[in-house]
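Residue numbers (my numbering), protein chains in the order written: chain G, 106 to 295; chain D, 106 to 295.
This report concerns only the one structure given below.
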DNA sequence: AGCAGAACTTGTCAGTGGCAAGTTAGAATG
DNA sequence: CATTCTAACTTGCCACTGACAAGTTCTGCT
């Protein structure tokens, strides 16, 4: 018995294969035909599920925003503060670097996709909730909106730099621990 | 008289065209053949100057690091502090978004290129000098190395998010002003 | 003057994304 | 159970791309 005509779970399989390929060689090197080969289907099969390459990457990005929201909700559910949320952001980026690599590159995505927009706003809400924690803990009158953007920036920047390998090697090889140290100065009252 | 056989300034022309194309459509959509057409040369001409696509992007990244170092040196020369250096970082990213888009994507580059390494370390030194300013102003015992990474992270994160269009629209349309507000909390003694 | 090498061209190949048209399987409906 | 409808997939094709090989034209140096 060879492969059945219907794969049965092609969409998920392709997304997983894409994540793996991107993790190894970056989004630019991604080939739909290569994914199809890995999944054992014809070269045109991916188009059926995703329309085109941007469609596949958009689905991956949406999945990424959902995973990020999950991560942030989880740290909040376990009573973590902003600092923990920040570390969670970095943990997500490192654990799902393929998703992360695609989420903030609008040129690669279908910006109008409703699923992407939904996932994005879910993640945004989770981020907002984490920032609300900050506002409670530190009432010294700083604009909450700005404070949230500061937190997002430092965490996003650290994750990006870590993944790009630009950070100095003496930081060690534990991204979460390093992130905690680098992020802390933003929140520590001095 | 038609075009001379020798273009005369092809290398620079190609880099400029590449920057323009990337600014408009991102690095993924870049085509060497399209650049060649825009420059009025044959499709194989770019390979002569850059070897391959990664070579061209590497040259662009190196140019970017040099421009960044210039920018940072400039703010330092005019007596700016860390905050100004941070704003300068953002100014560079926005003014040269194509360079910036390529500089931190190792998969697209020849990591072994000596010119790239040289430009990178020049920028790194300029960044270090800016951070040294911070250490003088704020001697409350924070690890200088960590403080530098915090500053780099927040600035890099802001620039990345701004360029990706992920930041909320109510921040206004002046990236430097917005950056100053978002970065300030890291440095302001509270 | 002549020559070495740099700058560029022409030709070609395998690989890619996207489209159109066909085929198969499975699910719903009678 | 037979029919039909549609989603899931295939085959075939085209224009385009990056890379390489081999040839041509120009420039600078001796």
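Cβ coordinates follow ideal geometry from the N, Cα and C atoms, glycine included.
Same chain, Cβ closer than 8 angstroms to residue i, neighbours up to 5 away in sequence not counted
| i | result |
| --- | --- |
| residue 168(G) | 120, 204, 224 |
| residue 207(G) | 127, 132, 162, 165, 166, 169, 213, 214 |
| residue 187(D) | 235, 236, 238, 239, 242, 256, 292 |
| residue 295(D) | Low local confidence applies: a pLDDT of 46 at residue 295(D) is under 50, so the model's placement there is unreliable, with the coordinate-based value given in what follows. Excluding residues within five positions, none has a Cβ falling inside 8 angstroms. |
| residue 266(G) | 272 |
| residue 112(D) | 118, 144, 145, 146, 150 |
| residue 125(G) | 203 |
| residue 233(G) | 253 |
| residue 228(D) | 170, 171, 173, 174, 177 |
Where residue i falls, given that 16 or more other Cβ within 10 Å makes a residue buried
| i | result |
| --- | --- |
| residue 255(G) | buried |
| residue 274(D) | exposed |
| residue 261(G) | buried |
| residue 181(G) | buried |
| residue 176(G) | buried |
| residue 336(G) | An answer regarding residue 336(G) cannot be provided, because it is not within the stretch 106 to 295 covered by chain G. |
| residue 230(D) | exposed |
| residue 217(G) | exposed |
| residue 134(D) | exposed |
| residue 189(G) | buried |
| residue 123(G) | buried |
Other residues of its chain near residue i: CB distance less than 7 angstroms, five sequence neighbours each side excluded
| i | result |
| --- | --- |
| residue 276(G) | 283 |
| residue 281(D) | 192, 195, 196 |
| residue 160(D) | 215 |
| residue 263(D) | 195, 284, 287, 288 |
| residue 158(D) | 137 |
Rounded distance between the beta-carbons of residue j and residue i, thought under 8 angstroms
| i | j | result |
| --- | --- | --- |
| residue 115(G) | residue 154(G) | 6 angstroms |
| residue 252(G) | residue 290(D) | 6 angstroms |
| residue 201(G) | residue 172(G) | 6 angstroms |
| residue 209(D) | residue 269(G) | 4 angstroms |
Spatial neighbours of residue i in its chain, beta-carbon cut-off 6 angstroms, leaving aside the 5 residues before and after
| i | result |
| --- | --- |
| residue 258(G) | none |
| residue 130(D) | none |
I'd like to know if the segment 141-160 of chain G and the segment 191-200 of chain G are in contact, where contact means that at least 3 CB-CB pairs between them fall below 8 angstroms. no
Which whole runs of the alpha helix (DSSP H) in the segment 162-243 of chain D are 4 residues long or more, in chain order? 187-200, 202-208, 219-242
At 4 residues or longer, and completely inside the segment 241-292 of chain G: list those alpha helix (DSSP H) runs for me, N to C. With a minimum length of 4 residues, the continuous alpha helix (DSSP H) runs that stay inside the segment 241-292 of chain G are 249-269, 280-292.
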